[in-house]
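Working notes, beginning with the structure itself.
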Amino acid sequence: MINKKWPVLGAALALSLTLGACSGDEKSEGSGDGNEEVTLNFWSFGATNYEELAKAYEEENPNVTIKVKASETAEHHDALFTSLSAGSGAPDIAMLEVDQFDRFKEAQGSFENLYDLGAKDVQDQYLEWKWNAGENSEGDFLFGLPTDIGPKALYYRTDVFEAAGLPTDPSEVEALINSPEAFKEAGEKVLAETGKPFVDSIEMAFRAYLDASEQTYLNPEGELLITEGDNDVKKAYDYAVELNEAGVVGEFDMWSPEWANAVNNGEFAVELGAGWLKGWMEGNAPDAVGKWKVATLPTEFAANWGGSYLAIPNETDHAQEAYDFAEWLVSAENQLESFQSKGLFPSSPTVYEMDEFKSNEDEFFGGQVTSSVFAEAAQDIDAAVYKGVKYFPVNNEILTALKNVQNGADPEKEWDEAVKRAQDLVNR
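Mature numbering (1 follows the signal peptide of the UniProt record, and there is no 0) puts the sequence shown at residues -23 to -1, 1 to 405.
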């Protein structure tokens, strides 16, 4: 799952210090005979099918009652943060969005180690990079079981490509746009032939490299990595500036009404989006049916954007029962159910070989089986990027600089000033 906007949740380091004492509480490690009546509180966010799956689990396990509370993403994480800080009121199971995960990892003492509950038995059923991102830095503590992921691909508007004299078949598009340089060249042709921008916004141009970077702003020690010399963020920044100077970057900020209209009406050519975006398009761009297709991105841009995990706060009195349900919920069979009903892209590659997955034609995309494109993209990802507690405020400073550049400011001056503001944020 992905959220449109993120609040800053506060000082996660202070949270971890406050909650260290919670880990000593005694709790049930399971009912043993399976007859104990157990109620599990499960906090989720966004559009999932977990309520329906929870009912199916209750039918198979009549001694277990699961109360699912679904909230908006920001509200969900704020409420979880507050309950963990207070040391009471946390659920038995909680979803954690990947972009918020590093914040909660600062409070390791507030969660169950899923390796102690049986997780090693299913580790080989998930993409390695997704699983590893659910661990602590030492690799001996597992915070969460993998749910969905957000492999990125190239969404492209076929009518705009055709008007620009570019191919529209996915395999031909992949062969043509096979590098960052080729991406820019295609954009220049679209601009010359149609007058339309290629990519929707300077943020998405920036994220082309950024999301695929091995490092972004911070290391696990909380140190800022962009203050000196060459770094991956500056590379992404310079590429966005280069595309902007070529005139191929639009001003359609994602999730804005203007952007939604542009997606529907074909006012830009491509979106570098994750698998979950197709669900939004299908429900919100009625005039664009059959006019979008999907191709894999150049390997330099292969990345994940979004997804979540299932974690177990250690306040629970039913750690084993909570784990058993979580393991069942993210099994390959149930990930297929979640994909088919709500578009949650599976993190279990077993699903990619299932006939129901491989034959899933998308009417919106002209009958293309887009699932195979995103499955290929998922397996091209090497590792999840570490983000850290202050990722969002630092990222916002760089985005502010890029917006200023798009409005005519000097790129190097804006970069230097953004880095200075970012350092001030980290030093607080």
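Here a beta-carbon is modelled for each residue, glycine too, at the ideal position from N, C-alpha and C.
From a predicted model like this one, the values you see are computed outputs, not experimental measurements.
On the DSSP bridge list, what partners appear for residue i?
{"i": "residue 42", "result": "16"}
{"i": "residue 417", "result": "Because the chain in this structure spans residues -23 to 405, residue 417 falls outside the shown range and cannot be described."}
{"i": "residue 356", "result": "None; residue 356 has no bridge partner."}
{"i": "residue 176", "result": "226 and 247"}
{"i": "residue 339", "result": "345"}
{"i": "residue 70", "result": "19"}
{"i": "residue 233", "result": "Answer is none; residue 233 lacks a bridge partner."}
{"i": "residue 47", "result": "21"}
DSSP state of residue i, grouped into three classes?
{"i": "residue 129", "result": "strand"}
{"i": "residue 272", "result": "strand"}
{"i": "residue 3", "result": "Note that residue 3 scores 45 on pLDDT, short of 50, meaning its location in the model is unreliable and no value can be drawn from it."}
{"i": "residue 134", "result": "strand"}
{"i": "residue 121", "result": "strand"}
{"i": "residue 102", "result": "helix"}
{"i": "residue 345", "result": "strand"}
{"i": "residue 143", "result": "coil"}
{"i": "residue 60", "result": "helix"}
{"i": "residue 195", "result": "strand"}
{"i": "residue 24", "result": "coil"}
{"i": "residue 202", "result": "coil"}
{"i": "residue 190", "result": "coil"}
{"i": "residue 148", "result": "helix"}
{"i": "residue 208", "result": "coil"}
{"i": "residue 84", "result": "coil"}
{"i": "residue -11", "result": "In this prediction, residue -11 scores a pLDDT of 38, lower than 50, which makes its location untrustworthy; no coordinate-derived value is stated."}
{"i": "residue 77", "result": "helix"}
Within this structure, are the beta carbons of residue i and residue j separated by less than 8 Å?
{"i": "residue 291", "j": "residue 156", "result": "no"}
{"i": "residue 319", "j": "residue 25", "result": "yes"}
{"i": "residue 74", "j": "residue 40", "result": "no"}
{"i": "residue 286", "j": "residue 120", "result": "yes"}
{"i": "residue 173", "j": "residue 67", "result": "no"}
{"i": "residue 76", "j": "residue 364", "result": "yes"}
{"i": "residue 253", "j": "residue 283", "result": "yes"}
{"i": "residue 399", "j": "residue 371", "result": "yes"}
{"i": "residue 313", "j": "residue 334", "result": "yes"}
{"i": "residue 17", "j": "residue 70", "result": "yes"}
{"i": "residue 309", "j": "residue 328", "result": "yes"}
{"i": "residue 311", "j": "residue 30", "result": "yes"}
{"i": "residue 186", "j": "residue 213", "result": "yes"}
{"i": "residue 189", "j": "residue 330", "result": "no"}
{"i": "residue 380", "j": "residue 249", "result": "no"}
{"i": "residue 272", "j": "residue 150", "result": "yes"}
{"i": "residue 53", "j": "residue 81", "result": "no"}
What residue range does the alpha helix (DSSP H) around residue i cover?
{"i": "residue 375", "result": "368 to 383"}
{"i": "residue 179", "result": "179 to 187"}
{"i": "residue 315", "result": "309 to 319"}
{"i": "residue 258", "result": "254 to 261"}
{"i": "residue 159", "result": "157 to 171"}
{"i": "residue 395", "result": "388 to 404"}
{"i": "residue 266", "result": "Element bounds for residue 266: n/a, residue is neither H nor E."}
{"i": "residue 113", "result": "Segment: none, residue 113 is in no alpha helix (DSSP H) and carries neither H nor E."}
{"i": "residue 362", "result": "From DSSP, residue 362 is part of no alpha helix (DSSP H); its letter is neither H nor E."}
{"i": "residue 93", "result": "Run containing residue 93: none; DSSP gives neither H nor E here."}
With respect to 7 Å, is the separation between the Cβ of residue i and the closest non-hydrogen atom of the ligand COA below this value?
{"i": "residue 283", "result": "Among the components modelled here there is no ligand, and therefore nothing to report on the ligand COA."}
So the beta strand (DSSP E) residue i belongs to, where does it begin and stop?
{"i": "residue 285", "result": "281 to 288"}
Practice item. Count the C-beta pairs between the stretch 172 to 182 and the stretch 231 to 242 that are closer than 8 Å, then say yes if the count reaches three, no if not. Key: With a cut-off of 8 Å on Cβ pairs, the stretch 172 to 182 is in contact with the stretch 231 to 242, counting three or more such pairs.
Check your understanding: Do the stretch 382 to 396 and the stretch 206 to 221 touch if we need at least three Cβ pairs shorter than 8 Å?
Key -> The way I'd put it, the stretch 382 to 396 does touch the stretch 206 to 221; three or more beta-carbon pairs between them come closer than 8 Å.
Review point. Okay, do the stretch 101 to 118 and the stretch 344 to 361 touch, 3+ Cβ pairs below 8 Å being the bar?
Key: The stretch 101 to 118 is in contact with the stretch 344 to 361.
Exercise for review: Kindly confirm or deny that the stretch 87 to 103 and the stretch 35 to 53 touch, where touching means at least three C-beta pairs closer than 8 Å.
Suggested key: No, the stretch 87 to 103 is not in contact with the stretch 35 to 53.
Review point. Is it true that the stretch 134 to 152 meets the stretch 267 to 278, where meeting means three or more beta-carbon pairs spaced less than 8 Å apart?
Key: Result yes; three or more Cβ-Cβ pairs closer than 8 Å.
Exercise for review: Report yes or no: do three or more beta-carbon pairs, one from the stretch 238 to 245 and one from the stretch 97 to 105, lie closer than 8 Å?
Suggested key: Taking a contact to require three or more Cβ pairs closer than 8 Å, the stretch 238 to 245 and the stretch 97 to 105 do not qualify as touching.
Check your understanding: Okay, do the stretch 121 to 131 and the stretch 317 to 334 touch, 3+ Cβ pairs below 8 Å being the bar?
Key -> Yes, they touch.
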